[in-house]
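Colleague: Just passing along the structure, written as structure tokens.
In the working numbering, the protein residues as written are 8 to 83.
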């Protein structure tokens, strides 16, 4: 599984990503509209969701990364 995690919306990274996820850590209304636009015109599926982060979630993500099951690319 590949994931691109960024604090900014970067359309070139989203459009080049194949068989992976683009995960925004936080976003503003502008990024929400860009996500919708990418979904409609870029041929990519965009899922937007909000959730509370918990210690268990962070531990789970850490375990995935340490086991090599999740490859992260930060602001690239």
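Glycine included, each C-beta is placed from N, C-alpha and C at the ideal position.
Beta carbon of residue 55, beta carbon of residue 65: below 8 Å?
Modeller: The count along the chain shown starts at 1 and reaches residue 55 at position 48. The count along the chain shown starts at 1 and reaches residue 65 at position 58. In this structure, residue 65 does not lie closer than 8 Å to residue 55 by Cβ.
Colleague: Please state the DSSP three-state secondary structure of residue 52.
Modeller: The count along the chain shown starts at 1 and reaches residue 52 at position 45. Coil at residue 52, not helix or strand.
Colleague: Using DSSP's beta-bridge definition, name the partner residues of residue 76.
Modeller: One-based indexing of the chain shown puts residue 76 at position 69. In the DSSP output, where bridge partners are listed per residue, residue 76 has none listed.
Colleague: Under a Cβ-count criterion, where at least 16 other Cβ atoms within 10 Å of its own Cβ denotes burial, should residue 36 be classed as buried or exposed?
Modeller: The sequence position of residue 36 within the chain shown is 29, counting from 1. Answer is exposed; the Cβ neighbour count stays below 16.
Colleague: So, with DSSP's three-state summary, where would you put residue 58?
Modeller: By 1-based counting over the chain shown, the position of residue 58 is 51. In the structure shown, residue 58 sits in coil (DSSP, three-state: anything other than H, G, I, E or B).
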